[in-house]
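Trainee:
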Amino acid sequence: MSALLTLSHVTKIFRQGGILGRRQITAVKDVSFELGQEPEILSIVGESGSGKSTIASMILGQTTPTEGELDFRGKAVSVHGASERRAFMKEVQPVLQNPFEAFNPLKRVDRYLFETARNFSAGSKRPDRQEVERIADAALAHVGLSLAEVKGRFPHELSGGQLQRTAIARALIPQPRLLVADEPVSMVDASLRMSIVNLFGQLKRELGLSIIYITHDLATAYYISDKIIIMRKGEIVEQGQARAVLDNPQHPYSRALKDAVLSADFAAIPQSGNAGIDTVIRKISPLP
Numbered sequence: 001m002s003a004l005l006t007l008s009h010v011t012k013i014f015r016q017g018g019i020l021g022r023r024q025i026t027a028v029k030d031v032s033f034e035l036g037q038e039p040e041i042l043s044i045v046g047e048s049g050s051g052k053s054t055i056a057s058m059i060l061g062q063t064t065p066t067e068g069e070l071d072f073r074g075k076a077v078s079v080h081g082a083s084e085r086r087a088f089m090k091e092v093q094p095v096l097q098n099p100f101e102a103f104n105p106l107k108r109v110d111r112y113l114f115e116t117a118r119n120f121s122a123g124s125k126r127p128d129r130q131e132v133e134r135i136a137d138a139a140l141a142h143v144g145l146s147l148a149e150v151k152g153r154f155p156h157e158l159s160g161g162q163l164q165r166t167a168i169a170r171a172l173i174p175q176p177r178l179l180v181a182d183e184p185v186s187m188v189d190a191s192l193r194m195s196i197v198n199l200f201g202q203l204k205r206e207l208g209l210s211i212i213y214i215t216h217d218l219a220t221a222y223y224i225s226d227k228i229i230i231m232r233k234g235e236i237v238e239q240g241q242a243r244a245v246l247d248n249p250q251h252p253y254s255r256a257l258k259d260a261v262l263s264a265d266f267a268a269i270p271q272s273g274n275a276g277i278d279t280v281i282r283k284i285s286p287l288p
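In this text, residue positions in the sequence shown follow full-length UniProt numbering: the first is 1, and each later residue adds one.
1) Can you check which of these residues, L218, I212, L7, H251, is closest to G74 by C-alpha distance?
2) At the level of alpha carbons, what is the spacing between E101 and E84?
3) For D182, which beta-bridge partners are listed by DSSP?
4) Measure the CB-CB distance between V109 and P184 and report whether it falls below 8 Å.
5) For residue 290 and M89, I'd like the C-alpha separation in whole angstroms.
6) Between V28, A221, L140, H251, which has its C-alpha nearest I44's C-alpha?
7) Taking Cβ to Cβ, would you say I59 is nearer than 8 Å to L42?
8) Quick check on F154 - is its C-beta less than 8 Å from some C-beta in chain C?
9) When burial is assigned at 16 or more other CB atoms within 10 Å of the CB, is I25 buried or exposed?
10) List in chain order: all unbroken alpha helix (DSSP H) runs of 4+ residues lying wholly within the stretch 133-210.
11) Let me confirm a value: L246 is counted as buried when at least 16 other C-beta atoms fall within 10 Å, else exposed. Which label applies?
12) With burial defined as no fewer than 16 other Cβ atoms inside 10 Å of the residue's Cβ, what is the status of A264: buried or exposed?
13) Taking all protein chains shown into account, do 16 or more other C-beta atoms lie within 10 angstroms of the C-beta of G234, making it buried, or fewer, making it exposed?
14) Quick one: is H9 buried, meaning 16 or more other Cβ sit within 10 Å of its Cβ, or exposed?
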């Protein structure tokens, strides 16, 4: 059985400037990893500029690798035609860092949900209004909200936590196999951060979703991940089962991150559940 997602020796080089001042920036260098068919949460952890968001962009098909291969379900992730792109996005959905940037402030939030339900509806017949509302309400229920709570409201009328949950609900409407969540809790208050992180674990269990969780927060990555990748300057320095890597990091950079960021509080993070984790996360400063 082939992997759900495979990156093989992927490199991304950006070229900047004109003819006289052109320079190359290697954002990602020789990165290889895969997600299996079984649902799992893979965290990609690194400082700003480590290349983790560029990897997310390539997985979503928004950026083309300079070298290497990136396959989803055995097919290359590349520039698609309209119908192929739609089929791909039905299975791979993004969750952005800032929910307030994901929604037009002049557009009611429910319209995004309704449009997504219409665009990704199963079958040849477009759903009617009643069916669209049912689909939206079902997706919102998965994230602890209801259509009644968001219907007719503009983004500024919702809290950051509500808006991020709504963005996740929108991503669930096409019934994807993979969510690519790029710093999804960095703009959320610390008091709500764990509710979003726990939601990802719930979606993996209940919906069979795989999730790529991109973060600079080692505490939440340690808490929620099945596997983890640690990146530095565009390269993977260590990867493997999350607790094996972070309980006993082998690379000097991984050890330095653990010592600098988590210190003695690392052992206080539970295997599962919320006990103690909120206090730990408020105490820990994420990577710069």
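The beta carbon of each residue, even a glycine, is placed where N, CA and C say it ideally should be.
Computed from a predicted model, the values in this text were never measured in an experiment.
Mentor: In terms of the structure at hand:
1) Residue numbering aside, residue 74 sits at position 74 when the sequence shown is read from its first letter. Measuring from the Cα of G74, the nearest candidate turns out to be L7.
2) As a first step, residue 101 is located in the sequence shown; it is residue number 101 there, counting from the start. As a first step, residue 84 is located in the sequence shown; it is residue number 84 there, counting from the start. Rounded to the nearest whole angstrom, the CA to CA distance from E101 to E84 is 26 Å.
3) Indexing the sequence shown from 1 puts residue 182 at position 182. Answer by DSSP bridge pairing, in chain order: I214.
4) Translated into positions along the sequence shown, residue 109 becomes position 109. Translated into positions along the sequence shown, residue 184 becomes position 184. No. Outside cutoff.
5) As displayed, the chain neither begins before 1 nor continues past 288, which places residue 290 out of reach and without an answer.
6) In the sequence shown, counting from the first residue as 1, residue 44 sits at position 44. By alpha-carbon distance to I44, the top candidate from V28, A221, L140, H251 is A221.
7) Stepping through the sequence shown from its first residue, residue 59 is reached at position 59. Stepping through the sequence shown from its first residue, residue 42 is reached at position 42. Pairing I59 with L42 gives a Cβ-Cβ distance that is not under 8 Å.
8) Going by chain labels, chain C is absent from the structure shown, which holds only one protein chain.
9) Residue 25 sits at position 25 when you count from the first residue of the sequence shown. A residue is called buried when at least 16 other Cβ atoms come within 10 angstroms of its Cβ; I25 does not meet this threshold and is exposed.
10) Qualifying alpha helix (DSSP H) stretches, in chain order: 147-150, 160-172, 190-207.
11) For the purposes of this step, residue 246 is identified with residue 246 of the sequence shown, where counting begins at 1. Its Cβ being crowded by 16 or more others within 10 Å, L246 is buried.
12) As a working note, residue 264 is residue 264 in the sequence shown. Because A264 sits at a pLDDT of 44, beneath the cut-off of 50, its placement in the model cannot be relied upon, and the point is left open.
13) Within the sequence shown, the letter at position 234 stands for residue 234. That one is buried.
14) Walking along the sequence shown from the start, residue 9 turns up at place 9. Counting of Cβ neighbours within 10 angstroms places H9 among the exposed residues, the total staying below 16.
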